[in-house]
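Residue numbers (our numbering): 3 to 146.
Rendered as structure tokens:
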């Protein structure tokens, strides 16, 4: 797929992915572990041939992709990261060592191309809005 959003959904559903080498796809597809990133027509051919020939490989990639999403892209992971960050920020503010708000690691954020009608996309969008509101509040505390 050339569309990172499509690759994101396929991986979430446990469907093996072959994706173009775009920054977004490289961010979510782990080469040989959760799918394949193809750099050329020959790369696409090789990756698709490997998937067609080996049911074991298809299942291995599908399981790894589903596990990755169960671990990184779920509400509990977002909430845990948010709570840990907020706890650290509050402790730093109280101790006087508060310096800046660290950026959220890109590996925890889903691609912006996830189809908006997909139920998972709607839940993620809602959670991202809540996280964004909290980040804005933390930044306003920093300025005080």
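Built from N, CA and C at the ideal position, the CB exists for glycine as well.
Since we're looking at a predicted model, the values are computed, not measured.
With 16 other Cβ atoms within 10 Å as the buried cut-off, status of residue 54
The residue given as residue 54 occupies position 52 in the chain shown. Flag for residue 54 reads exposed.
Kindly indicate which three-state DSSP category residue 83 falls into: helix, strand or coil?
Taking the first residue of the chain shown as position 1, residue 83 is located at position 81. If DSSP states are grouped into helix, strand and coil, residue 83 belongs with the helices.
I'd like the span of the alpha helix (DSSP H) that includes residue 45, first residue to last.
Taking the first residue of the chain shown as position 1, residue 45 is located at position 43. From DSSP, the alpha helix (DSSP H) with residue 45 extends over 43-55.
Cβ neighbours of residue 17 in the same chain (closer than 8 angstroms, five flanking residues each side left out)
For the purposes of this step, residue 17 is identified with residue 15 of the chain shown, where counting begins at 1. Counting only Cβ-Cβ distances below 8 angstroms, and skipping sequence neighbours, we find 64, 67.
Quick check on residue 37: does DSSP put it in helix, strand or coil?
Along the chain shown, read from residue 1 onward, the residue named residue 37 stands at position 35. Three-state result, residue 37: strand.
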